[in-house]
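Numbering (our numbering), first residue to last: 446 to 632.
For each residue, glycine too, the CB sits at the ideal point set by N, CA and C.
Below is one structure; the comments refer to it alone.
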């Protein structure tokens with residue numbers, strides 16, 4: 446509608462379905478689902494769904510120690526739901542920060558969050574995980590200024606891998622990864 450500078454979508458619709466009890470759910474990007482249960486009898490029924498509620502965001506900055514970003518790096522930020530209310534709506538959120546070579550800080554924005562409490566975890570290759578929270582995200586709120594402390598230099602894990610058997614004349618490729626499920630850190 447040009448007079449109000451808004452896009453107006455169809456607000457009512459009809460379905461032809463058998464008599465019974467139904468849960469009707471409508472989804473709209475960036476908003477929490479709207480849902481209600483209705484009994485549909487032989488003469489039909491009318492259902493008015495609850496209003497959509499805008500989802501929230503968390504924003505802030507991450508930073509790395511100087512001289513640790515030699516070739517550029519990606520930092521991941523995960524919002525892990527702590528409340529059953531937020532967990533029921535989804536699995537939290539994720540943001541990625543691309544730091545160009547030599548840059549030591551950048552901004553993140555985790556979007557599409559259901560209301561609830563979240564723990565934020567930031568991971569950067571070769572550095573110790575940073576955690577902050579709990580962060581409360583009310584309905585439709587943009588929570589800002591959640592700045593992580595600077596990452597600490599991580600420790601190194603070293604070792605050897607031994608292949609038993611004759612490897613003469615063979616090309617070998619070794620892929621080694623380390624994963625810490627409790628911190629979501631990997632290397």
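Assuming residue i and residue j make a contact with CB atoms under 8 Å, what is their CB distance in whole Å?
| i | j | result |
| --- | --- | --- |
| residue 592 | residue 505 | 4 Å |
| residue 542 | residue 558 | Actually they are not in contact, since the Cβ atoms of residue 542 and residue 558 sit about 17 Å apart, beyond 8 Å. |
| residue 462 | residue 485 | 7 Å |
| residue 585 | residue 500 | 7 Å |
To which residues of the same chain is residue i closer than 8 Å at the C-beta, ignoring the five residues directly before and after it?
| i | result |
| --- | --- |
| residue 544 | 509, 514, 517, 518, 519, 520, 550, 551 |
| residue 494 | 469, 471, 479, 480, 481 |
Counting only the same chain and skipping the five closest in sequence on each side, list residues whose C-beta sits under 7 Å from that of residue i.
| i | result |
| --- | --- |
| residue 619 | 606 |
| residue 473 | 497 |
| residue 548 | 514 |
| residue 579 | 527, 562, 563, 564 |
Alpha carbon to alpha carbon, how far is residue j from residue i? Give it in angstroms, no decimals.
| i | j | result |
| --- | --- | --- |
| residue 589 | residue 603 | 39 Å |
| residue 539 | residue 596 | 18 Å |
| residue 572 | residue 598 | 5 Å |
| residue 565 | residue 600 | 22 Å |
| residue 608 | residue 570 | 28 Å |
| residue 522 | residue 574 | 10 Å |
| residue 464 | residue 492 | 14 Å |
Is the CB of residue i under 8 Å away from at least one CB in chain C?
| i | result |
| --- | --- |
| residue 482 | Of the protein chains in the structure, only one exists, and it is not chain C. |
Give every residue of the same chain whose Cβ lies closer than 6 Å to the Cβ of residue i, excluding the five residues on either side of it in the sequence, and list them in chain order.
| i | result |
| --- | --- |
| residue 616 | none |
Please determine, among the options, the residue with the shortest C-alpha to C-alpha distance to residue i.
| i | options | result |
| --- | --- | --- |
| residue 482 | 468, 491, 489, 493 | 468 |
| residue 524 | 594, 498, 576 | 576 |
| residue 587 | 475, 547, 570 | 475 |
| residue 477 | 556, 466, 611, 608 | 556 |
| residue 511 | 546, 537, 491 | 546 |
Tell me the start and end of each unbroken beta strand (DSSP E) in the segment 564-601 that is at least 3 residues and wholly inside, in chain order. 575-582
3 or more residues per run - each beta strand (DSSP E) lying fully within the segment 463-521: 465-471, 479-485, 501-508
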